[in-house]
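Going by the working numbering, 553 is the number at position 170 of the sequence shown; the sequence numbering is gapless. C-beta atoms are modelled at their ideal positions from N, C-alpha and C, and glycine is treated no differently.
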Amino acid sequence: MIERNQVRTDIAKESPRLARGMRGVHRSAAYTDGLRLTRITIFTDEAARLLDKPRGNYLTLEAEGELFSDDAARERVAQALSAELRRALGEGGTIKSVLVVGLGNRFITPDALGPKTAEHILVTRHIQRRCPGFLEENVRAVTAFSAGVMGITGMETVEVVSGLTKTVNPDLVLLVDALASSSLENLGTVIQMNDSGISPGSGIGNTQTALCAGTLGVPVLTLGVPLVVSAETIVRAAMGTACELPEALAELIVTPKNIDAMVQGGAKLLSRAINLALHGDHCAELEGLFG
Numbered sequence: 384m385i386e387r388n389q390v391r392t393d394i395a396k397e398s399p400r401l402a403r404g405m406r407g408v409h410r411s412a413a414y415t416d417g418l419r420l421t422r423i424t425i426f427t428d429e430a431a432r433l434l435d436k437p438r439g440n441y442l443t444l445e446a447e448g449e450l451f452s453d454d455a456a457r458e459r460v461a462q463a464l465s466a467e468l469r470r471a472l473g474e475g476g477t478i479k480s481v482l483v484v485g486l487g488n489r490f491i492t493p494d495a496l497g498p499k500t501a502e503h504i505l506v507t508r509h510i511q512r513r514c515p516g517f518l519e520e521n522v523r524a525v526t527a528f529s530a531g532v533m534g535i536t537g538m539e540t541v542e543v544v545s546g547l548t549k550t551v552n553p554d555l556v557l558l559v560d561a562l563a564s565s566s567l568e569n570l571g572t573v574i575q576m577n578d579s580g581i582s583p584g585s586g587i588g589n590t591q592t593a594l595c596a597g598t599l600g601v602p603v604l605t606l607g608v609p610l611v612v613s614a615e616t617i618v619r620a621a622m623g624t625a626c627e628l629p630e631a632l633a634e635l636i637v638t639p640k641n642i643d644a645m646v647q648g649g650a651k652l653l654s655r656a657i658n659l660a661l662h663g664d665h666c667a668e669l670e671g672l673f674g
């Protein structure tokens, strides 16, 4: 059940507590190529409790207007995001294998960002196993999977992903999911990356066991784009203040009318950034291989 006047959000930078400043949090912002990058580090348990976010590093990349409006805009953002992903992967090539998991329900458009992104990942693990020597030695072993949702699989997402992680044994799991926002302006204009994992369904009040390093046993990175808001967010934006909503209205989750285009564009952008980050100079060669 939703607490009255509780606004759901998966986006760390949207917490009103951050604006007032608090101990246990470091925040910085920078601009690059017309994009705003906000970095937030939550490094104490008390700050994590107050912000309702796990300890870790959160990066938001935001643009003026939609991120996915055209091919040129998508490519510009994808290049910037891939640079941040490479930074998160670290130097020295210690991450040699990555499992990319698309979270969400492919049959519900605003929840299909993860599965659609996974469809466009350049996977290489099977080639390395079946055709040794076909790819250069320094090409990462990449696998991709769409986890589905409990209503379809009968399993919690953590059960599916942890079992797959034990089988594939990657050095890192990269999760992709649609997020919930508490700001109408952030819909389709923000990408969040964090290293603290994600609790599937938390943005719409259907929280499951978290997918994180503690539950999966390997480092985790999460990418997401906010695509839904609560009805309370819309009422608050219209009236300028929070108010008591009827229970039926408080339960509503709303998405933009152009959600189909946003999901398609978002999947192309995220998969492009991931492919660039994971495969680097080999990306064009692999794109040619997969047609």
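Under the three-state reduction of DSSP, which class applies to Asn641: helix, strand or coil? In the structure shown, Asn641 falls within a coil segment according to DSSP collapsed to helix, strand and coil.
By how many angstroms is the C-alpha of Glu630 removed from the C-alpha of Met384? Reliability of the predicted coordinates at Met384 is poor, the pLDDT of 32 falling under 50, and the value obtained from them is presented with this limitation in mind. If I take the Cα positions, the gap works out to 9 Å.
Nearest CA to the CA of Ala596: which residue from Pro399, Gly439 and Asp416? Considering only alpha carbons, the answer is Gly439.
How long is the line joining the alpha carbons of Thr415 and Gly404, rounded to whole angstroms? 25 Å
Given a threshold of 16 other Cβ atoms within 10 Å of its Cβ, counted over all protein chains shown, does Gln389 qualify as buried or as exposed? Confidence at Gln389 is low in this model, with a pLDDT of 48, below 50, so the placement of that residue is unreliable and no value is reported for it.
Inter-residue spacing [alpha-carbon to alpha-carbon] between Ile426 and Ala563: A small correction: the amino acid at residue 426 is Phe; Ile does not occupy that position in the sequence shown. Roughly 23 Å between the two C-alpha positions.
Could you give the residue range of the beta strand (DSSP E) that holds Asp428? Here Asp428 belongs to no beta strand (DSSP E); instead the alpha helix (DSSP H) covers Asp428 to Leu434.
DSSP state of His503 mapped onto helix, strand, coil: Shown here, His503 sits in coil according to DSSP, grouped into three states, outside any helix or strand.
Leaving out five residues on either side along the sequence, give the residues of the same chain with a beta carbon under 7 Å from the beta carbon of Thr638. Pro493, Leu610 and Val611
When the Cα atoms are used, what is the spatial distance from Ile574 to Gly407? Between Ile574 and Gly407, the C-alpha separation is close to 23 Å.
Range covered by the alpha helix (DSSP H) that runs through Asp454: Asp454 to Leu472
List the whole-angstrom C-beta distance separating Val481 from Leu557, where the pair is believed to meet the contact cut-off of C-beta under 8 Å. 6 Å
Do three or more CB pairs link the stretch 446-462 to the stretch 638-651 at distances below 8 Å? With the cut-off at 8 Å, the stretch 446-462 and the stretch 638-651 touch.
Helix, strand or coil for Ala667 per DSSP? helix
Could you pull out every unbroken alpha helix (DSSP H) segment of at least 4 residues lying fully inside the stretch 504-550, listed in chain order? Qualifying alpha helix (DSSP H) stretches, in chain order: 508-513 and 533-536.
Excluding the 5 residues preceding and the 5 following Ile504 in the sequence, name in chain order all residues of the same chain whose CB lies nearer than 7 Å to its CB. Val483, Val525, Ala527, Ser654, Ile657 and Asn658
Between which two residues does the beta strand (DSSP E) containing Gly597 stretch? Membership of Gly597 in any beta strand (DSSP E) is not indicated; the residue belongs instead to the alpha helix (DSSP H) covering Ala596 to Leu599.
Measure the alpha-carbon distance for Leu599 versus Lys479 and round it to whole angstroms. 17 Å
Roughly how many angstroms separate the alpha carbons of Val506 and Ala614, rounded to a whole number? 39 Å
May I ask which residues mark the beginning and end of the beta strand (DSSP E) holding Leu486? Ser480 to Leu486
Collapsed DSSP secondary structure at Gln647 in the structure displayed: helix
With a CB to CB cut of under 7 Å and the five nearest residues on each side skipped, what residues in its chain are close to Leu661? Val481, Arg523 and Val525
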